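Chains as they are written, first to last, in the numbering used here: chain A, 1 to 322; chain B, 323 to 911. Yeah, the Cβ is synthetic: ideal placement off N, Cα and C, and Gly gets one too. As the structure is a computational prediction, the values presented were derived from the model and not from experiment.
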Amino acid sequence: MIPFILRRLTTLVPMLLAVTLLVFILMSLAPGDFLTPVKAQRDINPALIAELQKSFGLDRPWYQQYALWLGNVLHLDFGYSWTYKVPVAQLIAQRAPATILLSVTSLLLAWTLAIPLAVLAAARPGGWIDRLTSAAAYFALAIPEFFLALLAVWMAARTGWFPIGGLTSLDHDFLSPAAQFLDIAHHLILPTLVLGLGGVAGTLRVLRANVLDVLQAEYITAARAKGLSEKVVLFRHVLRNALNPLLSTIGYAFAGLLSGSLLVENVMNYPGLGRLVYEAFIREDQFVVLGSVVVACSLLIVGNLLSDLALAWSDPRVRYGR
Amino acid sequence: MAQPIFPIALCALLLLSACSPPPKISRQTHPLPAGVDTARSEIGRSGGVFIDSSPGEPSTFNPLVSEDATSGGFIGLFLDSLVHNNAVTQEVEPGLAARWDIAPDNRTFTFHLRPGVLWSDGHPFSADDVLFTFQAIYDPRFPNRAAFDLSVDGQKFKVEKIDDLTVRLTTPQIYAPFLETVGGVGLLPKHELEPAFRDGTLLKSWNVSVAQKEPQRLLATGAFRLRSYQPAERIVFEANPHYWRADAQGVRLPYVDFLVTKLVKDANASTLAFATGQTDAEGLSPDNVAWIDRYASRYGFSVFNRGPSPNTGFIWFNQNPGHDTAGKPFVTPYKLAWFTDRRFRQAISHGIDRQGLVRGVLFGRGQPLWGPETPANKKWYNPNVTQYPFDPARSRALLAEAGFQIGPDQKLHDRHGNLVEFTLNSNQENQLRVNMATAFKENMRDLGITVNLSFLDFGTLVGKIQDSYDYEAGMLGLTGGGDPAGGISVFSSKGRLHQWYPNQKTPATPWEARIDQLMSDQLHTLDYPTRKKYFDEVQKIMSDESPYIYLVTANAYVGLKDRWKNIRIPPLGSLVWNLDELWTPLLTP
Numbered sequence: 001m002i003p004f005i006l007r008r009l010t011t012l013v014p015m016l017l018a019v020t021l022l023v024f025i026l027m028s029l030a031p032g033d034f035l036t037p038v039k040a041q042r043d044i045n046p047a048l049i050a051e052l053q054k055s056f057g058l059d060r061p062w063y064q065q066y067a068l069w070l071g072n073v074l075h076l077d078f079g080y081s082w083t084y085k086v087p088v089a090q091l092i093a094q095r096a097p098a099t100i101l102l103s104v105t106s107l108l109l110a111w112t113l114a115i116p117l118a119v120l121a122a123a124r125p126g127g128w129i130d131r132l133t134s135a136a137a138y139f140a141l142a143i144p145e146f147f148l149a150l151l152a153v154w155m156a157a158r159t160g161w162f163p164i165g166g167l168t169s170l171d172h173d174f175l176s177p178a179a180q181f182l183d184i185a186h187h188l189i190l191p192t193l194v195l196g197l198g199g200v201a202g203t204l205r206v207l208r209a210n211v212l213d214v215l216q217a218e219y220i221t222a223a224r225a226k227g228l229s230e231k232v233v234l235f236r237h238v239l240r241n242a243l244n245p246l247l248s249t250i251g252y253a254f255a256g257l258l259s260g261s262l263l264v265e266n267v268m269n270y271p272g273l274g275r276l277v278y279e280a281f282i283r284e285d286q287f288v289v290l291g292s293v294v295v296a297c298s299l300l301i302v303g304n305l306l307s308d309l310a311l312a313w314s315d316p317r318v319r320y321g322r
Numbered sequence: 323m324a325q326p327i328f329p330i331a332l333c334a335l336l337l338l339s340a341c342s343p344p345p346k347i348s349r350q351t352h353p354l355p356a357g358v359d360t361a362r363s364e365i366g367r368s369g370g371v372f373i374d375s376s377p378g379e380p381s382t383f384n385p386l387v388s389e390d391a392t393s394g395g396f397i398g399l400f401l402d403s404l405v406h407n408n409a410v411t412q413e414v415e416p417g418l419a420a421r422w423d424i425a426p427d428n429r430t431f432t433f434h435l436r437p438g439v440l441w442s443d444g445h446p447f448s449a450d451d452v453l454f455t456f457q458a459i460y461d462p463r464f465p466n467r468a469a470f471d472l473s474v475d476g477q478k479f480k481v482e483k484i485d486d487l488t489v490r491l492t493t494p495q496i497y498a499p500f501l502e503t504v505g506g507v508g509l510l511p512k513h514e515l516e517p518a519f520r521d522g523t524l525l526k527s528w529n530v531s532v533a534q535k536e537p538q539r540l541l542a543t544g545a546f547r548l549r550s551y552q553p554a555e556r557i558v559f560e561a562n563p564h565y566w567r568a569d570a571q572g573v574r575l576p577y578v579d580f581l582v583t584k585l586v587k588d589a590n591a592s593t594l595a596f597a598t599g600q601t602d603a604e605g606l607s608p609d610n611v612a613w614i615d616r617y618a619s620r621y622g623f624s625v626f627n628r629g630p631s632p633n634t635g636f637i638w639f640n641q642n643p644g645h646d647t648a649g650k651p652f653v654t655p656y657k658l659a660w661f662t663d664r665r666f667r668q669a670i671s672h673g674i675d676r677q678g679l680v681r682g683v684l685f686g687r688g689q690p691l692w693g694p695e696t697p698a699n700k701k702w703y704n705p706n707v708t709q710y711p712f713d714p715a716r717s718r719a720l721l722a723e724a725g726f727q728i729g730p731d732q733k734l735h736d737r738h739g740n741l742v743e744f745t746l747n748s749n750q751e752n753q754l755r756v757n758m759a760t761a762f763k764e765n766m767r768d769l770g771i772t773v774n775l776s777f778l779d780f781g782t783l784v785g786k787i788q789d790s791y792d793y794e795a796g797m798l799g800l801t802g803g804g805d806p807a808g809g810i811s812v813f814s815s816k817g818r819l820h821q822w823y824p825n826q827k828t829p830a831t832p833w834e835a836r837i838d839q840l841m842s843d844q845l846h847t848l849d850y851p852t853r854k855k856y857f858d859e860v861q862k863i864m865s866d867e868s869p870y871i872y873l874v875t876a877n878a879y880v881g882l883k884d885r886w887k888n889i890r891i892p893p894l895g896s897l898v899w900n901l902d903e904l905w906t907p908l909l910t911p
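See the structure below:
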């Protein structure tokens, strides 16, 4: 098991090298750089611009900049944000909790809704539950997330039932801890729905197919013949086996939620990593962009590793060894 | 985290908690400083929360690092300076220095600091803080913007401490915008920042991370001090208990307890928040005024017209005669001949229907612009510049005089038969500008001129204008206003933003040489009428020669809740000038 984990983690290195190199080349090809807005201000002295250029290393060719950055990364120094003058790691740590919170709630929403619905739908294929959930799932899959986010903001503005964006109210600082908790929960409802709905639909469709598959298996007939109640058959025997393929997608789901939250966070004014990364891209704040790319890649690989491990844990037939 | 299974129950709970009254803060009462400044405004009542929103996020709370207006605005709330530039009257007023003397040589300024002023942590403010600030600014280890603003031809000012409450600053030559420049320098607390200065980490102190974790370390001399900062959400300032101003009854300012700024990235969302009564103040663009006004009585706010904004919009032609490293000229030679012909530029100017632009693009909320300053800059604006009213006949006459003629194809040709056609570059992010460029193209078609429009990403556009010079015509805007010294990089032929032909070694034309002379002369006298005379002539030459063909300036609007009293809205800069004097009889919004 341990060598397997180590082997998987070593694949991170060439992948990160390739991805960061690509990002670096693309950013150097993109017009303008971090100092472009500064250059367009009328009362900034050219000597200051030259000094800033030098201190950022922007006066050197891109491969030298990349080599320098790589050298620092070896010492675990991911550089600092030119905009905020704060180490990138610190900046990402500052914004990550909000995004992780949102990812977890929407993943929870997807699974808690999708699993029982999928089992119920598959229990009677073509029944009203099945047809209703299928229609709803196709509908949810067809709407792009950013559009759903816009709809949600519009709905919140029209009805006033939910706050328009953000994670906390203006008077959050003055509330009691219990009220602060409720305040955050209230703000989380809409982004969770927006981000989770697509997940509900996708999970539901995959799981329904799996459950149908497993229902044909001989051991299910055996279980029924034993006289087990339908409930026990469905949720103990069928679901357990049907979940295995889903476990292997959880890694992708986790990485996908981060990239999905980029759009949703910007539309819904949610104070997470997505907004930080988007702004960094627009401003060409190089090291923040690179740092976030590294985080996203690592998440993808680690997420896949975790789902493989979960699979091994849930399915005794899967073994990783030498 | 709670699952949103019972959103309605949650909402109900939340509504209950939201109805709680705003917190009452007990203001620590410290004695007023001996040098207290008494406000002359109406007497108000303490308390209340003022809420506004900002589209930008502060990138730092350290004045040595700040390069953008957003960060500068937040820093100005808590860090005070020796003098203030009153945005309403455009005069220099006492700040942390109660008064100052100017020696007869016009280079030596002696500032007398207010006695008894304390930092927000209770430590006395003194001349040492002023000395420390200048020492930090001039230190080559910390490259910063102020170091360049506070020197003349690369020479620093001399800063001396006379006693604990007296500081003398000497400029190497007479430097006209001295007081205005000093007014922009937030003074730093020596006792807090000296360790960072010593170990060379000064530029990293007071960053957003410190502001989030230890807001109390950002010591204040201004009306407010930082209470909390939630990145991408909000910034909360609270009244500084040691602020040095009071009202006529001896009540310490500011009246408001809290200043809350929502950080809303999207301009539409922040306008919507104001229109539905969630914020107290909002800067409004001309195209939003009409629909917002409909909500005014329901949510109790009013929309104020600030008059013309300080933003100028203009078109210019590339007059750079140089060539790139491969020997290819930046501008095709026969086109360069048109662009450098004043009659051609004036003809274009007469061909633009500016009233039409105001009506069609700005919905009537703006006015034509003829020179580099807008009327917003009351102190320096010259109304008597040459105007180019819409007059196609006059355009054609000027073009004919310059040898252009309409060919059999109904298009304009120059004296050598070349078709008159050029590409106008602008940036795609600004919708108003895109609309104006389209209207300009229509106007030019009536003169037989073909204009191709090219909308680029801002970075690409700046690259073309400042680095590659590979373009024919451009359309951009600059924020004017303030002291003429701020425009040197635009007007002077050596300037970086002298966009039609930047970074000239020697002035290319006699009129550019004359502008160089005037800009230099106005910098070296303290006498306002003389400076005004020089700068008036600069504005006149700019409109006569039309290197920039100015278009229109939009009016600026501010929406403000009616519950706030004592409001003074400046024509440029922040929405409300006197935040410390603002008060409200209605404490709940």
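Three-state secondary structure (DSSP) of residue i
i	result
N642 of chain B	coil
S624 of chain B	strand
S81 of chain A	coil
T493 of chain B	coil
P651 of chain B	strand
I365 of chain B	coil
D130 of chain A	helix
P446 of chain B	strand
P343 of chain B	Model confidence at P343 of chain B stands at a pLDDT of 46, short of 50, so the residue's coordinates are unreliable and nothing is read from them.
T708 of chain B	coil
Under 8 Å by beta carbon: chain A residues contacting residue i
i	result
S381 of chain B	T83, Y84, K85
S550 of chain B	D173
N900 of chain B	In chain order: nothing, as chain A lies at least about 23 Å away.
N529 of chain B	Y84, K85, V86
Interface partners of residue i on chain B, CB under 7 Å
i	result
P31 of chain A	D779, G781, T782, G785
E51 of chain A	P465
Burial state of residue i, where buried means 16 or more other Cβ atoms lie within 10 Å
i	result
R208 of chain A	buried
A121 of chain A	buried
Y497 of chain B	buried
F479 of chain B	buried
I871 of chain B	buried
I2 of chain A	exposed
T852 of chain B	exposed
T696 of chain B	buried
Rounded distance between the beta-carbons of residue j and residue i, thought under 8 Å
i	j	result
T488 of chain B	V474 of chain B	At roughly 23 Å, the Cβ-Cβ gap does not stay under 8 Å, so T488 of chain B and V474 of chain B are not in contact.
W591 of chain B	I164 of chain A	The identity of residue 591 of chain B in the sequence shown is Ala, whereas the question assumes Trp. Indeed, because the Cβ distance is near 7 Å, the residues count as touching under 8 Å.
Contacts that residue i makes with chain B (C-beta to C-beta distance below 8 Å)
i	result
K231 of chain A	The premise fails here: K231 of chain A is roughly 22 Å from chain B at the closest Cβ pair, so nothing lies under 8 Å.
G199 of chain A	Going along chain B, no residue has its Cβ under 8 Å from G199 of chain A, so there is no contact; the nearest lies around 14 Å.
Sub-8 Å separation of residue i and residue j beta-carbons
i	j	result
A795 of chain B	I637 of chain B	yes
L541 of chain B	D443 of chain B	yes
V410 of chain B	R755 of chain B	no
K512 of chain B	F454 of chain B	yes
L276 of chain A	L101 of chain A	no
A759 of chain B	L746 of chain B	yes
L778 of chain B	N749 of chain B	yes
T583 of chain B	S868 of chain B	no
Interface partners of residue i on chain A, CB under 7 Å
i	result
T689 of chain B	First, the amino acid is wrong: residue 689 of chain B is Gln here, not Thr. Under the 7 Å cutoff, chain A gives no residues; its nearest Cβ is about 22 Å from Q689 of chain B.
A715 of chain B	By Cβ distance, chain A contributes nothing, its closest Cβ being about 36 Å from A715 of chain B, past 7 Å.
Q477 of chain B	Going along chain A, no residue has its Cβ under 7 Å from Q477 of chain B, so there is no contact; the nearest lies around 13 Å.
F470 of chain B	N45, A47, L48
Chain-ordered neighbours of residue i on chain A, where CB pairs are closer than 9 Å
i	result
P385 of chain B	Those do not exist, as P385 of chain B stays about 13 Å from chain A at its closest Cβ, beyond 9 Å.
I373 of chain B	L170
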